[in-house]
Amino acid sequence: AMSIVVQDTELADTLNRLGTKPAMVITDSQVFDKAAAATPEDIPLTSFSILMARYKGLLEDAVRGASAVEALKDGDTVLIAEGCPHHRQCDDIGTFKIPNWLRKYTGKQIQIKTCSGTEFPDDLTPYAMVIHCGGCMLNEREVRYRTKCAVDQGVPITNYGTLIAYLNGILKRSVEIFPELHRTLES
Numbered sequence: 007a008m009s010i011v012v013q014d015t016e017l018a019d020t021l022n023r024l025g026t027k028p029a030m031v032i033t034d035s036q037v038f039d040k041a042a043a044a045t046p047e048d049i050p051l052t053s054f055s056i057l058m059a060r061y062k063g064l065l066e067d068a069v070r071g072a073s074a075v076e077a078l079k080d081g082d083t084v085l086i087a088e089g090c091p092h093h094r095q096c097d098d099i100g101t102f103k104i105p106n107w108l109r110k111y112t113g114k115q116i117q118i119k120t121c122s123g124t125e126f127p128d129d130l131t132p133y134a135m136v137i138h139c140g141g142c143m144l145n146e147r148e149v150r151y152r153t154k155c156a157v158d159q160g161v162p163i164t165n166y167g168t169l170i171a172y173l174n175g176i177l178k179r180s181v182e183i184f185p186e187l188h189r190t191l192e193s
């Protein structure tokens with residue numbers, strides 16, 4: 007396989023200049039909206055975060071859990087969990103972008119709690135939902151453990167890419183490359 011890496015601002019032009027259509031476009035979840043607008047419908051589109059969720063065993067639960075945003079109410083608390091203990095940046099995805107996108111989408115006053123690295127609460131019941139990072143710095147066992155904790159406690163869990171695709175109305179398209187999962191969204 008051959009890969010071509012471009013900035014989001016170069017995607018449309020790159021697709022127009024290619025002699026043949028690419029097998030798929032994989033985007034950073036933060037620019038899902040721009041990538042979806044630039045990528046023709048007949049080219050599969052997904053994100054690194056969605057691929058990582060499948061690889062780590064979270065994707066099926068993440069797809070089911072994304073729709074939990076529809077039930078969020080004023081005052082609900084959402085846990086945003088990151089696997090790595092990185093230094094926060096301005097406009098950080100977990101502490102700035104996702105909380106703002108959630109509040110804009112729902113129109114609700116949602117409380118946000120965050121955790122990172124090895125900090126993951128044993129009790130998830132205070133949360134209306136858990137939104138997890140892609141898990142690239144966690145092993146599969148840890149991601150599956152965190153997912154199981156949420157599922158066992160009845161707390162919907164999703165991940166960054168799946169949620170962002172959902173909020174942009176392109177979740178179905180973004181999992182089209184996984185036919186069994188795509189079919190569950192059709193029903």
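Per our numbering, residue 7 is the first one in the sequence shown, and the count goes up by one each step.
We put the CB at the ideal spot given by N, CA and C, even for glycine.
Burial state of residue i, where buried means 16 or more other Cβ atoms lie within 10 Å
i: Lys119; result: exposed
i: Ile104; result: buried
i: Asn145; result: exposed
i: Ser35; result: buried
i: Cys139; result: buried
i: Thr52; result: buried
i: Lys27; result: exposed
i: Asp124; result: A quick correction: the sequence has Thr, not Asp, at residue 124. Counting Cβ neighbours within 10 Å, Thr124 comes out exposed, since fewer than 16 surround it.
Opposing strand residues paired with residue i [DSSP bridges]
i: Ala119; result: Going by the sequence as given, residue 119 is Lys instead of Ala. Answer is Leu85, bridged to Lys119.
i: Leu51; result: Val31
Residue range of the unbroken alpha helix (DSSP H) whose run includes residue i
i: Met58; result: Phe54 to Lys62
i: Ile104; result: Ile104 to Thr112
i: Gly71; result: Leu65 to Ala72
i: Lys154; result: Glu146 to Asp158
i: Thr20; result: Leu17 to Arg23
i: Pro185; result: Pro185 to Glu192
Endpoints, beta strand (DSSP E) assigned at residue i
i: Val31; result: Val31 to Thr33
i: Asp136; result: Per the sequence presented here, residue 136 reads as Val, with Asp not at that position. Met135 to His138 is the span of the beta strand (DSSP E), which, as asked, contains Val136.
For residue i, three-class secondary structure by DSSP
i: Thr164; result: strand
i: Phe38; result: helix
i: Lys178; result: helix
i: Ile170; result: helix
i: Thr26; result: coil
Given residue i as reference, the closest of the options once Cα atoms are compared
i: Thr131; options: Ile176, Tyr166, Arg60 and Val84; result: Val84
i: Arg60; options: Gln159, Asp19 and Phe184; result: Phe184
i: Thr15; options: Ile170, Val37 and Pro28; result: Val37
i: Leu177; options: Ser55, Val136 and Val12; result: Ser55
i: Gly63; options: Leu169, Gln117, Arg152 and Asp39; result: Arg152
i: Ile170; options: Val69, Leu24, Ala18 and Ala156; result: Val69
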